[in-house]
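All the letters of the sequence shown, read from the start, carry residue numbers 1 to 131 under this note's numbering.
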Amino acid sequence: MARIIIADDDEIVGEIARDALLAGGHGVGLLTNGKDALSVIKARRPDLVILDCNMPDLSGLLVLREMRNSAALCEIPVLMLTGRQSERDVELAMYEGAGDYVKKPFDPEELLFRVDELLAKRHKGGASKPR
């Protein structure tokens with residue numbers, strides 16, 4: 001079981017993602033803005049973080065950047081779960097250090113698969129490094 005933080009300002013999307021991950025045996029916390037998410041990530045050090053790009057207070061990309069620039073948080077895998085559809089958005093997220101990018105609408109089973117893949121990669125030593 002992994003401890004996962006989801007940050008998405010769309011409560012329905014967040015609940016669908018949370019329910020899929022809970023069904024997969026993970027412990028999940030759900031937050032609706034980037035500022036609160038970053039605070040909880042710093043305090044709880046989850047095994048994986050799922051971020052929406054567009055959130056109040058602090059965007060998902062800014063949360064990701066803060067994580068990658070922090071020695072304490074840089075190893076935590078991040079999956080972007082967002083409505084941003086362009087290849088430029090994908091490239092930007094990957095440049096900032098995302099481990100994967102899932103576009104909304106999404107298949108909950110695929111999300112669980114992608115999360116499990118990122119967690120397996122982390123345990124094999126393949127997590128992102130700070131820039």
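We treat Cβ as the ideally placed atom computed from N, Cα and C, and that holds for glycine. These figures come from a predicted structure and were not determined experimentally.
Looking at ILE5, GLU11, GLY25 and ASN69, the one whose alpha-carbon comes closest to that of PHE113 is GLY25. For LEU118, same chain residues with a beta-carbon under 7 Å away, outside a window of 5 residues either side, are LEU48, PRO77, LEU79, GLY99 and ASP100 in chain order.
The beta carbons of ASP9 and ASP52 sit about 6 Å from each other, so the pair counts as a contact at 8 Å.
A distance below 8 Å between beta-carbons, with the five flanking residues on each side excluded, links VAL115 to the following residues of its chain, in chain order: ALA2, ILE4, LEU21, GLY24, HIS26, LEU48, ILE50 and LEU79. With respect to the 8 Å criterion, ILE6 and VAL40 are not classified as neighbours on the basis of their beta carbons.
When the five nearest sequence neighbours on each side are left out, the beta carbons in the same chain lying within less than 6 Å of the beta carbon of GLY14 are those of ILE6, ASP8 and LEU30, in order along the chain.
Nearest in C-alpha terms to LYS103, of all of ASP89, ILE12 and LEU61, is ASP89. Secondary structure of ILE76 (DSSP, three-state): coil. Rounded to the nearest angstrom, the Cβ distance from LEU62 to GLY83 is 17 Å, too far for a contact under 8 Å.
When C-alpha distances from GLU96 are compared across ALA43, SER86 and ASN69, the shortest belongs to ASN69.
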